[in-house]
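Beneath this line is the structure, given in structure tokens, with notes to follow.
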Amino acid sequence: MIRRLFQYTSMTFAWILLFLSAASPSLGAFECGVPHFKPYIWKSGRIVGGTDVRPHSHPWQIQLLKSETGGYSSLCGGSLVHFGKPSNGTRFVLTAAHCITTSNMYPRTSRFTVVTGAHNIKMHEKEKKRIPITSYYVQHWNPVMTTNDIALLRLAETVYYNEYTRPVCLPEPNEELTPGDICVVTGWGDTTENGTTSNTLKQVGVKIMKKGTCANVRSEVITFCAGAMEGGKDSCQGDSGGPLICKKNGKSVQFGVVSYGTGCARKGYPGVYAKVPSYVTWLNKAAKELENSPEGTVKWASKEDSPVDLSTASRPTNPYTGSRPTSPSSGSRPTYPSSGSRPTSPSSGSRPTYPSSGSRPTYPSSGSRPTYPYTGSRPTPQKPVFPSYQKYPPAVQKYIDSLPSGTQGTLEYTVTQNGVTTTTYYHFSK
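The letter at position 126 of the sequence shown is residue 129 when you use my numbering, and the numbering goes up by one with no holes.
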């Protein structure tokens, strides 16, 4: 069964809505960081084998999906955030840059969908709602150094505030974190290192580490680490882009975005987070630009918008073995092995020694190109490279072909085989 969820034509620009699942707004006053359902006490635990949250006690949490051949795949987490004057809804989501772009690839906005109001992502929940993304703005993301790992998304429609969807508070610009504070991270990511994801939203209490504690932090101006040096408490793959929340004056304030780490919950390697206070000024600017941009807008910040000069950002000092992923797949949190020695001289096919001046190394001619990138900042791409659209099943393609030119929208495609019914959503544009 194919059902048209919405469409508009280039001739009339008239929206035709066949059904709506949005809950009616129920909050008369805007207040960030205050959930209707009070969360459980933030206790020790971990998303890696951690504890379930009280359903809908983190109403800002969203699930980010990406369209693949045959349907959508769960990609990352994120959070509802609010800009400007108080109101009863928002169209903005905060997430990690590596959840959106890999290297210099900037996918079309139609590849992404946000799910709000979810607790169990495998169950039907009346509070859930899927909303496409119409535009996004990526910070001056450096996949080599994993710096500026933050992005702002704008949704196709307003998420109204009610018991199940509310925004988290943002900190003051450049507000400092307090070392030793216990904050909480939430997500549907892996419950063990190299394990499987969780169906229900989980939480972990993590301690904010003091500066200089973590060797795998690039620049403490824009990143920080949190967890436990003894291990056992961490975010993991699939939690990327999700919020790190601290309590301030009785409200939940987002101080971090899940970015990367060495494995999951390993001893001596707390997780690393993008430091939200360093980006609040840029986020306000980005929100205004996205509000005034047409649908389909993809923007990426220049180096002038970066809170730190990336050419001075230090490399992590702990040694790694193996090659570092230069473009995390499927939005997963990049992980680094925790032991092994770093080569000091280039042999055939090995990584060359980096010059002290920080310039790009000369690659050995007899071996393969080294997999470790140089220490300088990666140039900002001049033009995004868009991947090709997904292929549709024959029945869907036939239906799309029958529509008039200029039609865009989303189709719901339901198939029953051997008693099993599956539903897939396809975005299309003629």
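By construction, the Cβ of each residue, glycine as well, lies at the ideal position given by its N, Cα and C atoms.
Which listed residue (the options) has its alpha carbon closest to that of residue i
i      : options                        : result
SER60  : SER70, THR161, ASN165, LYS288  : ASN165
TYR263 : THR93, HIS39, PRO407, ILE153   : ILE153
LYS131 : TYR139, THR119, SER138, GLN142 : THR119
ALA159 : LYS254, GLY299, PHE40          : GLY299
TRP303 : GLN257, TYR276, TYR139, HIS101 : TYR139
VAL147 : ALA100, HIS127, PRO297         : ALA100
GLY253 : VAL117, GLY87, CYS186          : CYS186
LEU293 : VAL162, VAL224, ARG94, LEU173  : ARG94
THR189 : ARG169, CYS217, LEU247         : LEU247
PHE40  : THR149, ASN107, TYR167         : TYR167
LEU173 : VAL260, GLN142, PRO397         : VAL260
CYS217 : TYR276, LYS210, CYS228         : CYS228
SER201 : THR105, ASP242, HIS85, THR137  : ASP242
VAL301 : PRO58, GLN142, GLU71, VAL117   : GLN142
THR149 : VAL117, THR105, ASN295, GLY183 : THR105
Nearest-angstrom Cα separation, counted from residue j out to residue i
i      : j      : result
GLN64  : PRO310 : 26 Å
SER432 : CYS249 : 42 Å
TRP144 : GLN420 : 43 Å
ARG133 : MET212 : 36 Å
VAL171 : PHE258 : 10 Å
LYS129 : LYS214 : 44 Å
ASN177 : VAL418 : 51 Å
VAL440 : SER76  : Nothing about residue 440 can be read from this structure; the chain reaches only from 4 to 433.
GLY92  : TYR395 : 34 Å
ILE103 : LYS401 : 30 Å
VAL51  : VAL162 : Because VAL51 carries a pLDDT of 43, less than 50, the predicted location of this residue cannot be relied on, and no value is offered for it.
ARG169 : GLY87  : 15 Å
THR427 : ALA121 : 18 Å
PRO297 : LYS291 : 12 Å
PRO28  : GLN66  : At PRO28 the pLDDT is 45, less than 50, meaning the model places this residue with poor confidence and gives no usable figure here.
VAL56  : LYS251 : 20 Å
SER360 : VAL84  : With a pLDDT of 44 at SER360, under the threshold of 50, the predicted position of this residue should be treated as unreliable, and no value is reported.
PRO397 : MET108 : 28 Å
GLU175 : ASN295 : 24 Å
ALA289 : GLU71  : 28 Å
ASP184 : SER222 : 20 Å
VAL117 : GLU179 : 30 Å
ILE403 : ASP308 : 41 Å
THR410 : PRO58  : 39 Å
Under 9 Å between C-beta atoms of residue i and residue j
i      : j      : result
TRP226 : LYS278 : Checking the sequence shown, residue 226 turns out to be Thr, not Trp. Going by C-beta atoms, THR226 is nearer than 9 Å to LYS278.
PHE33  : LYS69  : no
PRO38  : PRO62  : yes
LEU156 : LEU78  : no
GLY245 : SER113 : no
GLY80  : VAL256 : no
GLY230 : VAL209 : yes
ASN123 : THR203 : yes
VAL275 : THR54  : no
Residue i, buried or exposed, once every other Cβ within 10 Å from all chains shown has been counted against 16
i      : result
TYR43  : exposed
PRO135 : buried
THR181 : exposed
THR347 : With a pLDDT of only 40 at THR347, under 50, the local geometry of the prediction cannot be trusted, and the value read off the model is given with reservation. Exposed is the call here.
SER405 : exposed
THR125 : One point to set straight first is that residue 125 is Lys, not Thr, in the sequence displayed. Exposed, because fewer than 16 other Cβ atoms sit within 10 Å of the Cβ of LYS125.
SER205 : Before going on, a small fix: residue 205 reads as Lys here, not Ser. So LYS205 ends up on the buried side.
ASN151 : buried
HIS127 : exposed
THR284 : exposed
PRO273 : buried
SER408 : exposed
Same chain, Cβ closer than 6 Å to residue i, neighbours up to 5 away in sequence not counted
i      : result
TYR282 : ILE153
Chain B within 9 Å of residue i, Cβ atoms only
i      : result
GLU307 : In the structure shown, chain B cannot be found, because there is only a single protein chain.
Cutoff 8 Å; reference residue i; Cβ partners in own chain excluding five residues on either side
i      : result
VAL224 : LYS278, SER281, PRO310, VAL311
THR137 : THR112, ARG157, LEU158, ALA159, GLU298, GLY299, THR300
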